[in-house]
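**Student:** Following this message is one structure expressed as structure tokens.
In full-length UniProt numbering, the protein residues as written are 1 to 90.
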């Protein structure tokens with residue numbers, strides 16, 4: 001576990017330490033989300049990761065509801081990848 005410390009300014013702003021910005025691949029203008037988990041811990045993630053996580057969660061629920069196996073899903077993804085790749089060559 002790595003701990004970084006930052007101060008809160010009078011305007012409620014904080015500077016995200018450089019080591020954390022680098023690990024999260026954050027750049028000026030990026031948005032971050034602060035998520036409180038069930039234990040009260042605050043998790044900071046790049047907001048694009050939220051969209052991806054929500055998409056993956058919704059896909060997971062749909063796959064489970066339809067009874068699609070992991071192998072079927074991976075086979076379908078491979079087929080789509082091949083079709084996309086072949087489409088680029090034409």
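Just so it is clear, CB atoms sit at the ideal spot from N, CA and C, and this is done for glycine as well.
1. Pick out whichever of 36, 47, 38 has its Cα sitting closest to the Cα of residue 29.
2. Which class does residue 46 belong to by DSSP, given the choice of helix, strand or coil?
3. What's the C-alpha gap between residue 65 and residue 8?
4. Closest to residue 26 by CA distance: which of 12, 77, 44 is it?
5. Across which residues does DSSP place residue 32 in a beta bridge pair?
6. Whole angstroms are fine: how far does the CA of residue 86 sit from the CA of residue 37?
7. Specify the secondary structure class of residue 95 as computed by DSSP and reduced to three states.
**Tutor:** If we stick to the structure as given:
1. 47
2. Here residue 46 sits in strand by DSSP.
3. 45 Å
4. It is 44.
5. 46
6. 44 Å
7. Missing from the structure shown is residue 95; the chain here goes from 1 to 90 and no further.
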